[in-house]
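Step one of this worksheet: look at the structure below.
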Amino acid sequence: MAARPPRSLATEGIVLRRRPSGEADATLVLLTPGEGRLDAVARGVRKPQARLRGHIEPVTRSRFLIARGRGRDVVAQAVTLDAYLRLKTSLQALAAAIYCCELAERLSAVHAPQHELYALLTDTLAALDAGANPEGSARYFELHLLAVSGYELQVVACAACGADLPEAEAFFAAGAGGILCRGCRADTPGRLLSVRAQKVLRFARRVTVAEFAALRVPPETAAEVRGALAEALRAVVDVEPRSGTFFESVSRP
Ligand SMILES: [Zn+2]
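See below:
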């Protein structure tokens, strides 16, 4: 006899997004470590006196008890673990956080473990909350998001043949998954990446988000890194994240 699925799920999770549903309900898009992304209905939370209200704001990490009904998950309890209140006092940090949450929503698996992505997102939100540079934090998140989602960018060896790359300006092809050596590049569309930009990307691979965000990157190098990561994301996410444009506009007024 097949085991019955559990009737409830106790898990921590991050509210990636919240949308109104019905008269007074909201549907939360949650990222959880063990169950990946899931939608859960929070009943009555759009009424001003609702008890759950403060615990289910977007960009909040909470402990949830979720009742699993017929095809519908319902939030039975929620208690805030971290509201990231400091990051929410900075428009740029908040925009970066919302952007990371939107990317996480797009690249996360539904009802499948997402431990690495969850750790990446909590680390990034914690760094932003501690005052880390929003742009650096977002770039770090993008690079590592690609890696934990199975699209690790090749920036040390050629993405096609694995050959070592000389320390020189290199050819970056987002569609090919990273840098291509001279022999592999042929007619592949791509862009040139300076030695400095390559070093920034390699550095991001081996340090923490806070360490990376503390790195001072010259504006022209930051622009190269931003462009390369944006193209790499575009190659795997079909639609440009809406919050990305907003984050860009508050980052470079
Ligand atoms: Zn090659």
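Position in the sequence shown (first residue = 1) + 483 = this note's numbering. Backbone N, C-alpha and C fix where the C-beta goes; we use that ideal spot for every residue, glycine too.
Worksheet item: Counting by C-beta, which residues lie closer than 5 Å to a heavy atom of ligand 1, in chain order?
Response: C641, A643, C644, A646, C664 and C667
Worksheet entry | 3 or more residues per run - each beta strand (DSSP E) lying fully within the stretch 640-696 | DSSP runs (the beta strand (DSSP E)) wholly in the stretch 640-696: 653-656, 661-663 and 674-676.
Discussion item. Spatial neighbours of C664 within its chain, please: C-beta separation below 6 Å, excluding the five flanking residues on both sides.
Written reply: Once the five neighbours on either side are set aside, the close Cβ partners of C664 are C641 and A646.
Fill in: Neighbour-count burial assignment, T728, 16 or more Cβ in a 10 Å radius
exposed
Discussion item. Using 8 Å as the threshold, is the C-beta distance between E540 and S726 below it?
Written reply: Note that the C-beta distance between E540 and S726 is not below 8 Å.
Worksheet item: Can you give the beta carbon distance from S591 to L548, rounded, assuming they're within the 8 Å contact cut?
Response: Contact flag wrong, Cβ pair sits at about 21 Å.
Item to complete: Would you kindly check if the distance between the Cβ of V528 and the Cβ of T510 is under 8 Å?
Response: no
Item to complete: Would you decide whether V498 is buried or exposed? Buried here means 16 or more other CB atoms lie within 10 Å of its CB.
Response: buried
Item to complete: For P596, collect the residues of the same chain with a Cβ closer than 8 Å to its Cβ; drop the 5 residues on either side in sequence, then sort them by chain order.
Response: P516, G517, E518 and G519
Worksheet item: Are the Cβ atoms of L570 and A561 separated by less than 8 Å?
Response: no
Fill in: Assigned secondary structure, T494 (DSSP; H/G/I helix, E/B strand, else coil)
strand
Practice prompt. Would you check if the distance between the CB atom of E652 and the CB atom of L675 is smaller than 8 Å?
Written response: yes
Worksheet entry | Secondary structure of R717, DSSP reduced to three states | Here R717 sits in helix by DSSP.
Item to complete: Evaluate the contact criterion for the stretch 669-688 versus the stretch 595-615: three or more CB pairs, one atom per stretch, below 8 Å.
Response: no
Worksheet item: Can you tell me the Cα-Cα spacing of A687 and Y567, whole angstroms?
Response: 23 Å
Worksheet entry | Close Cβ partners of T563 (< 7 Å) along its chain, the five nearest in sequence each way excluded | G537, H538, T543 and S545
Practice prompt. Could you pull out every residue in the same chain whose Cβ sits closer than 8 Å to the Cβ of T494, ignoring the five residues on either side in sequence?
Written response: Excluding sequence neighbours, T494 sits near T515, P516, G517, E518, R546, F547 and I549.
Worksheet item: Cβ of A693 within 8 Å of Cβ of A621?
Response: no
Worksheet item: Per DSSP, P503 forms a beta bridge with which residues?
Response: A509
Practice prompt. Determine the DSSP secondary structure at I581, reduced to helix, strand or coil.
Written response: helix
Worksheet entry | Cβ-based burial, A658 [other Cβ within 10 Å; buried from 16] | Just to set this straight, residue 658 is Gly in the shown sequence, not Ala. Here G658 is exposed, its C-beta having fewer than 16 other C-beta atoms within 10 Å.
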